[in-house]
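Q: Residue numbers (the UniProt record's numbering), protein chains in the order written: chain A, 1 to 239; chain B, 1 to 239; chain C, 1 to 239; chain D, 1 to 239. One structure follows; several queries about it will come next.
Number of protein chains: 4
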Amino acid sequence: MIKTEIKAIQEMKERVCHENIRLEKSGLVVLTWGNVSEVNRELGVVVIKPSGVPYEEMLPEQMVVTDLEGNLLEENSLKPSSDLATHLVLYKEFEEVGAIVHTHSKYAVMWAQAGRDLLPYGTTHADTFYGSVPITRQLTEEEVLRSYEKDTGAIIVETFRNRKLNPLAVPAVLTRNHGPFTWAKTIEKAVENSIVLDEVAHMALGTEVLSNHHEKIPSYLLDKHYFRKHGENAYYGQG
Amino acid sequence: MIKTEIKAIQEMKERVCHENIRLEKSGLVVLTWGNVSEVNRELGVVVIKPSGVPYEEMLPEQMVVTDLEGNLLEENSLKPSSDLATHLVLYKEFEEVGAIVHTHSKYAVMWAQAGRDLLPYGTTHADTFYGSVPITRQLTEEEVLRSYEKDTGAIIVETFRNRKLNPLAVPAVLTRNHGPFTWAKTIEKAVENSIVLDEVAHMALGTEVLSNHHEKIPSYLLDKHYFRKHGENAYYGQG
Amino acid sequence: MIKTEIKAIQEMKERVCHENIRLEKSGLVVLTWGNVSEVNRELGVVVIKPSGVPYEEMLPEQMVVTDLEGNLLEENSLKPSSDLATHLVLYKEFEEVGAIVHTHSKYAVMWAQAGRDLLPYGTTHADTFYGSVPITRQLTEEEVLRSYEKDTGAIIVETFRNRKLNPLAVPAVLTRNHGPFTWAKTIEKAVENSIVLDEVAHMALGTEVLSNHHEKIPSYLLDKHYFRKHGENAYYGQG
Amino acid sequence: MIKTEIKAIQEMKERVCHENIRLEKSGLVVLTWGNVSEVNRELGVVVIKPSGVPYEEMLPEQMVVTDLEGNLLEENSLKPSSDLATHLVLYKEFEEVGAIVHTHSKYAVMWAQAGRDLLPYGTTHADTFYGSVPITRQLTEEEVLRSYEKDTGAIIVETFRNRKLNPLAVPAVLTRNHGPFTWAKTIEKAVENSIVLDEVAHMALGTEVLSNHHEKIPSYLLDKHYFRKHGENAYYGQG
């Protein structure tokens, strides 16, 4: 491997380690649950958290480097997160995605366990997610027994295809009875999307408790907030 | 600009920076959501948080200085918070208001998303808000497309006019499907009003879960608590 | 005043200041809400938090010293907490009580605003409160206008008399549309009772959400847990 | 006692003290509630937290050493946790269990007070608990009066026998109107099971609020997640 590639992978490891720890500090993660990965499509390399390593001891050199088929690329590598296969399916299908995050964050899990789309009740949701965050269908017994983590990726892809969703406009999914995955072009943004998702999942829960008629945000207000922050006419932030 | 004006604006920047950070530390703010501004009516100057700058890096010199029409008054200024236009409408209409705060604080947003007035269920509410915190009507599609942030201010004003509310007696509003704005004569008090609002929004949510009949605080008890802390016969605090 | 009395009052001030700060650190208090007092019945002296002073700046010498009629006993005293009159009524009626705490803690307030007794659903409740924590009746308009804080004490006393409750066995009350008062022989225990009250108020809220039939703890289990910790046959702790 | 035994007990005390403090830091414990014990079956020794000692002052030498009948084995011992008798019954019946934890953690208590099994709504539950966490029946008045803590153990055993549950596959129970006990082969894992239990109890509460039909996780998905982490075909973690 040439020198610049070694350096690029080293920097990926540092970012992946840093963002996994940031995810845990944000309060979304209990024990060792949750994992963050990043892809470098030119090098054909994915870096992901190792499985079951406590966050307080986590070091960049422990991050696991694989190719897009999940083959380990370094000697003496730790085992990758058991959800790696799900990440890989998503990287292959969602071509603009540069990083993926999986958590069992409390409020997003409540919606996943209830088997429901997370509905866009307000502008906090619309600022990040352009419409409902979809729930996947249940995996069949055959799918679970065959290749569970890979098929988890496959039903996410199926959900986005069937509903004709753009994964960068709706950068999150709820896997039924399980929990959320989020993603983005950059790893910082992918982690932020997990933070936003749990926050709006909590807000939407309270909204339903308070109201008998569940009235979604009007589509023109959804558009306004989403495009105030995203796309060529965005005017939020310093960019 | 003469020397005392420069000093006055410098002090505004320090206060606005300090109170934005205090707002974030209070737990009401996720990521870069939320903004605090202050007006100096003699100078015709508003100071507000820049858009999308992380709180941990925020410095007084980054605060944005505008006139009451929103024109930037300093060279090399950062972009102001995208909600500036809403603040300006409120400063023009609410003549005694010296500072405005906008957040997406969780429990206040739940009420805003439910499209409901926050009802005064107890003395914690009455100590700060003299009656229900009103919900605005929904903006029309035309209003959203025309001048969204300005019209957000306009429907707040419309709400207070229609209901004949005194903005200093009810120093908060819930914008429908969006979230709260609070204000006060001083910037410290405006931030405190956001803190109180989220707390009483949480208490009121639990109150409704626990009771089938939602009985508001009696008006004489509302009066007692509000006027124990406000107006010429107040006897709370050391003032 | 003789030397030992001066020393006794100095120690009361230190305890009262310390326990007010502990109350705030426990998460039960927002802004300057909440107050703790202690009585020395031999000296005829009450020490209470001053009104509206921020917790982070609070010093023992700022604590306010009064007699049992509420007369200030020191020159240059700050104003006492506006709830002093309520504390004094309780000290007079509940002769074994040595300290009183008032908060607007979130979950206890939800029950107070719902106008309901806090029911004993489990042993966590029974370990501290021997039966329901009672809700007071609503004050009449006349009572509120006449002497609000004193009459708040009077309806607490009325509630305990009418229900024949022992204030040391049920060391807490919920004042309707307002919030909790707790007490105990010692100031440390009085603060702990506020902590326990909010915790069991939260647990009871969740219990009701989860169950359609609200089944109270059996009275024999209530007895067991209460008397495991209280009275001459107690066997909890090292005492 | 020979030298290696003294050392083994010393190490137990350090672990038990450390894990009691970790339990408190995890946010599951209020005041002095909660206790952790460990057994050494070869030595016939149990080490448990003393009753009512504040966590911030807790030292390894204060941990209480007993035999499996609850007899104190050291001079000048503090009194053991009042729940010791429950722990001892469980150690006798559940032969592979090496450590036991009791808490009054908020969300687990809500389910215990509601008198309901904690249902497996998702994979977060299935990763640790192979099926519902069972609720015990109510103790009779006679049982409470006779030997309350011992009979609390007896009804846990009865529950596991009647339902033919494997205590290592379902390492937790909810005692009705009281709260949870968890256990495991190791003390670290027993504490983690308490953390997971409260988290999934919270998630399940929200799940029920969000859904009218309460649909449990399919059994094949429960199997998959449980056996992904447990047993000879587990592939989670580095082990």
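Where a beta carbon is used, it is the ideal one built from N, C-alpha and C, also for glycine. In this text the structure is predicted, and so the values were computed from the model without any measurement.
Compare the C-alpha of residue 106 of chain A against each of D:117, D:221 and D:121 and name the closest.
A: For the purposes of this step, residue 106 of chain A is identified with residue 106 of the first sequence, where counting begins at 1. It is D:121.
Q: Alpha carbon to alpha carbon, what distance is there between residue 93 of chain C and residue 163 of chain C?
A: Here residue 163 of chain C is taken as the residue at index 163 of the third sequence, counted from 1. Here residue 93 of chain C is taken as the residue at index 93 of the third sequence, counted from 1. Spanning the two alpha carbons is a distance of roughly 15 Å.
Q: Below 9 Å on C-beta distance, what does residue 20 of chain A contact in chain D?
A: If you number the first sequence from 1, residue 20 of chain A lands on position 20. Going along chain D, no residue has its Cβ under 9 Å from residue 20 of chain A, so there is no contact; the nearest lies around 15 Å.
Q: Taking Cβ-Cβ distances shorter than 8 Å, what residues in chain D pair up with residue 224 of chain C?
A: Numbered from its first residue, the third sequence carries residue 224 of chain C at position 224. Going along chain D in sequence order, the residues near residue 224 of chain C (Cβ under 8 Å) are 144, 145 and 148.
Q: Give me the Cβ distance between residue 118 of chain D and residue 174 of chain D, rounded to the nearest whole Å; I'm assuming they're in contact under 8 Å.
A: What you label residue 118 of chain D is simply residue 118 of the fourth sequence in a count that begins at 1. What you label residue 174 of chain D is simply residue 174 of the fourth sequence in a count that begins at 1. Contact holds; Cβ gap of about 6 Å.
Q: Pick out the complete alpha helix (DSSP H) segments inside the region 161-235 of chain C, 4 residues or longer, and give them in chain order.
A: 187-210 and 219-229, all fully within the region 161-235 of chain C.
Q: Apply the 10 Å Cβ neighbour rule to residue 113 of chain B and answer buried if 16 or more other Cβ atoms are within range, or exposed otherwise.
A: Position 113 of the second sequence holds residue 113 of chain B. Result: buried.
Q: Kindly list the residues whose CB is nearer than 8 Å to the CB of residue 241 of chain B, restricted to its own chain and excluding five residues on each side of it in sequence; keep chain order.
A: Residue 241 of chain B lies beyond the stretch modelled for chain B, which goes from 1 to 239, so this question has no answer here.
Q: When you compare the region 141-156 of chain D with the region 52-66 of chain D, are there three or more beta-carbon pairs, one atom per stretch, that lie closer than 8 Å?
A: Cβ pair count under 8 Å is below three, so no.
Q: Is there a Cβ of chain C sitting closer than 8 Å to that of residue 55 of chain B, yes or no?
A: What you label residue 55 of chain B is simply residue 55 of the second sequence in a count that begins at 1. Answer no: the Cβ-Cβ gap between residue 55 of chain B and chain C never drops below 8 Å.
Q: Quick check: the Cα distance between residue 138 of chain A and residue 217 of chain D, rounded to an integer number of angstroms?
A: As a first step, residue 138 of chain A must be located in the first sequence, where it is residue number 138. As a first step, residue 217 of chain D must be located in the fourth sequence, where it is residue number 217. Cα to Cα, the separation comes out at about 9 Å.
Q: Mapping DSSP to helix, strand and coil, what is residue 47 of chain D?
A: To locate residue 47 of chain D, count along the fourth sequence from 1; it is residue 47. The answer is strand: DSSP assigns residue 47 of chain D an E or B state.
Q: What residues in the region 105-134 of chain A have a beta carbon less than 7 Å from any beta carbon of chain D?
A: Answer in chain order: 106, 107, 109, 110, 111, 112, 113, 114, 115 and 116.
Q: Would you say residue 177 of chain A faces chain D, with C-beta separation under 8 Å as the test?
A: Within the first sequence, the letter at position 177 stands for residue 177 of chain A. Output row for residue 177 of chain A: interface = yes.
Q: Can you tell me whether residue 15 of chain A is buried or exposed, with buried defined as 16 or more other CB within 10 angstroms of its CB?
A: What you label residue 15 of chain A is simply residue 15 of the first sequence in a count that begins at 1. Its Cβ being crowded by 16 or more others within 10 Å, residue 15 of chain A is buried.
Q: Does the beta-carbon distance from residue 201 of chain D to residue 110 of chain D come in below 8 Å?
A: Here residue 201 of chain D refers to the residue found at position 201 when the fourth sequence is read from its first residue. Here residue 110 of chain D refers to the residue found at position 110 when the fourth sequence is read from its first residue. Going by C-beta atoms, residue 201 of chain D is nearer than 8 Å to residue 110 of chain D.
Q: Residue 30 of chain A by DSSP, collapsed to three states: which one?
A: Within the first sequence, residue 30 of chain A is the residue found at index 30, counting from 1. Residue 30 of chain A: coil per DSSP, three-state reduction.
Q: For chain C, is any of its Cβ atoms less than 8 Å away from the one on residue 72 of chain B?
A: Taking the first residue of the second sequence as 1, we reach residue 72 of chain B at position 72. Output row for residue 72 of chain B: interface = no.
Q: Cα-Cα, which of A:76, A:52 and A:70 is closest to residue 61 of chain A?
A: Locating residue 61 of chain A in the first sequence gives position 61, where the first residue counts as 1. The option with the nearest alpha carbon to residue 61 of chain A is A:76.
Q: Could you please give the first and the last residue of the uninterrupted alpha helix (DSSP H) stretch that includes residue 93 of chain A?
A: Here residue 93 of chain A corresponds to residue number 93 of the first sequence, with the count starting at 1. Here the alpha helix (DSSP H) through residue 93 of chain A covers 84-93.
Q: Which whole-angstrom value is the C-beta distance of residue 185 of chain B and residue 97 of chain B, which I expect to be below 8 Å?
A: By 1-based counting over the second sequence, the position of residue 185 of chain B is 185. By 1-based counting over the second sequence, the position of residue 97 of chain B is 97. The pair is a contact, with the Cβ atoms about 7 Å apart (cut-off 8 Å).
Q: Name, please, each residue of chain D whose Cβ falls closer than 7 Å to the Cβ of residue 207 of chain C.
A: Indexing the third sequence from 1 puts residue 207 of chain C at position 207. Correct list: 110, 113 and 114.
Q: Quick one: using the 10 Å Cβ neighbour count with 16 as the cut-off for buried, is residue 224 of chain A buried or exposed?
A: As a working mapping, residue 224 of chain A is identified with position 224 in the first sequence. The residue in question, residue 224 of chain A, is buried, as its Cβ has 16 or more Cβ neighbours within 10 Å.
Q: Any idea what DSSP makes of residue 4 of chain C, helix, strand or coil?
A: For the purposes of this step, residue 4 of chain C is taken as the residue at position 4 of the third sequence. Of the three classes helix, strand and coil, the one that applies to residue 4 of chain C here is helix, per DSSP.
Q: Look at the alpha carbon of residue 211 of chain D and the alpha carbon of residue 115 of chain A, and state the distance between them as a whole number of angstroms.
A: Within the fourth sequence, numbered from 1, the residue matching residue 211 of chain D stands at position 211. Within the first sequence, numbered from 1, the residue matching residue 115 of chain A stands at position 115. The straight-line gap from Cα to Cα measures roughly 8 Å.
Q: One question on the structure: do residue 44 of chain D and residue 108 of chain D come within less than 8 Å of each other, judged by their Cβ atoms?
A: In the fourth sequence, the residue the question calls residue 44 of chain D occupies position 44. In the fourth sequence, the residue the question calls residue 108 of chain D occupies position 108. No, these two residues do not count as a Cβ contact at 8 Å.
Q: Pick from B:232, B:32 and B:166: whose alpha carbon is nearest that of residue 132 of chain B?
A: Along the second sequence, read from residue 1 onward, the residue named residue 132 of chain B stands at position 132. Residue 132 of chain B has its Cα closest to that of B:166, out of B:232, B:32 and B:166.
Q: So if DSSP puts residue 125 of chain D in a beta bridge, which residue, or which two residues, is it bridged to?
A: As a first step, residue 125 of chain D must be located in the fourth sequence, where it is residue number 125. According to DSSP, which records beta bridges pairwise, residue 125 of chain D is partnered with nothing at all.
Q: Roughly how many angstroms lie between the CA atoms of residue 199 of chain A and residue 237 of chain A, to the nearest whole one?
A: Position 199 of the first sequence, counted from the start, is the residue given in the question as residue 199 of chain A. Position 237 of the first sequence, counted from the start, is the residue given in the question as residue 237 of chain A. Rounded to whole angstroms, residue 199 of chain A to residue 237 of chain A spans 20 Å at the Cα level.
Q: Under the rule that 16 or more other beta-carbon atoms within 10 Å means buried, what is residue 49 of chain B, buried or exposed?
A: Numbered from 1 along the second sequence, position 49 holds the residue referred to as residue 49 of chain B. Counting Cβ neighbours within 10 Å, residue 49 of chain B comes out buried, since at least 16 surround it.
Q: Near residue 81 of chain B, what residues of its chain come up, given a Cβ to Cβ distance below 6 Å and the 5 sequence neighbours on each side ignored?
A: Looking up residue 81 of chain B in the second sequence gives position 81. So the qualifying residues of the chain are 35, 48, 49 and 51.
Q: Pick helix, strand or coil for residue 248 of chain C, following the three-state DSSP scheme.
A: Missing from the structure shown is residue 248 of chain C; chain C here goes from 1 to 239 and no further.
Q: Could you pull the DSSP bridge partners for residue 66 of chain B from this structure?
A: Against the second sequence, residue 66 of chain B aligns to sequence position 66. Answer is B:46 and B:72, bridged to residue 66 of chain B.
Q: Does any heavy atom of the ligand PLP sit closer than 7 Å to the C-beta of residue 37 of chain A?
A: Inclusion of the ligand PLP in the displayed structure is not the case, the ligand content being empty and no account of it being possible.
Q: To be precise: take each residue of the region 29-50 of chain D, compare its Cβ to all Cβ atoms of chain C, and keep it if any distance is under 9 Å. Which residues remain?
A: Residues 30, 31, 32, 33 and 50.
Q: When the Cα atoms are used, what is the spatial distance from residue 197 of chain A to residue 127 of chain C?
A: Within the first sequence, numbered from 1, the residue matching residue 197 of chain A stands at position 197. Within the third sequence, numbered from 1, the residue matching residue 127 of chain C stands at position 127. Going by the C-alpha atoms only, they are around 39 Å apart.
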